[in-house]
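Here the sequence shown stands for residues 130 to 268, where the numbers follow this note's numbering.
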Amino acid sequence: MSADAATKKKVHKLQEELRRHSYLYYVKDHPEISDAAYDKMYRELEELEAAHPELVTPDSPTQRVGHEPVSELKKVERALPMLSLSNVFDEEELSAFDERVRKNLAAEDIEIETVEYVCEPKYDGLAIELTYEDGLFTL
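Spelled out as structure tokens, the structure:
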């Protein structure tokens, strides 16, 4: 089913707003809205684009990741990528996450009886990997 003019306008507006908020967050380090508000808009855009794939554009926030980080940050080459977890808003999404974890472990021939999770508060805007070699902090 083809999108009507109101849907096209809504998708375009969401894309623009999300790009602007992403820029403020990643480049300016000065967000104007909460993560929850951003996630709600993002999810609405995902749903509209899923229902109307003809409205997906290569520059849509659903098709790319953030912005370049602030230039003052030192770049480091990593042996393994730091991967981001998807947001989870309800029990159904948490169960789906657990299922993906178990499926990926099984695909790697890792035998598991119990999977344990640790939850910690999210410190917004910060991702860090600490590297220790022989018990000494190196990076």
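Ideal Cβ placement from N, Cα and C applies to all residues, glycine included.
| Check | Outcome |
| --- | --- |
| DSSP-derived helix/strand/coil call for F266 | strand |
| Assigned secondary structure, Y261 (DSSP; H/G/I helix, E/B strand, else coil) | strand |
| Where E178 falls, given that 16 or more other Cβ within 10 Å makes a residue buried | buried |
| Any 3 or more C-beta pairs closer than 8 Å across the segment 165-181 and the segment 142-149 | yes |
| Rounded C-alpha distance that separates L188 from I162 | It is worth fixing the name first, because residue 188 is Asp in this sequence and not Leu. Near 21 Å, if we compare the C-alpha coordinates of I162 and D188. |
| For V185, three-class secondary structure by DSSP | coil |
| L259, buried or exposed, once every other Cβ within 10 Å from all chains shown has been counted against 16 | exposed |
| Length of the line joining the Cα atoms of S294 and F266 | Because residue 294 is not part of the residues shown, which for the chain are 130 to 268, the question remains open. |
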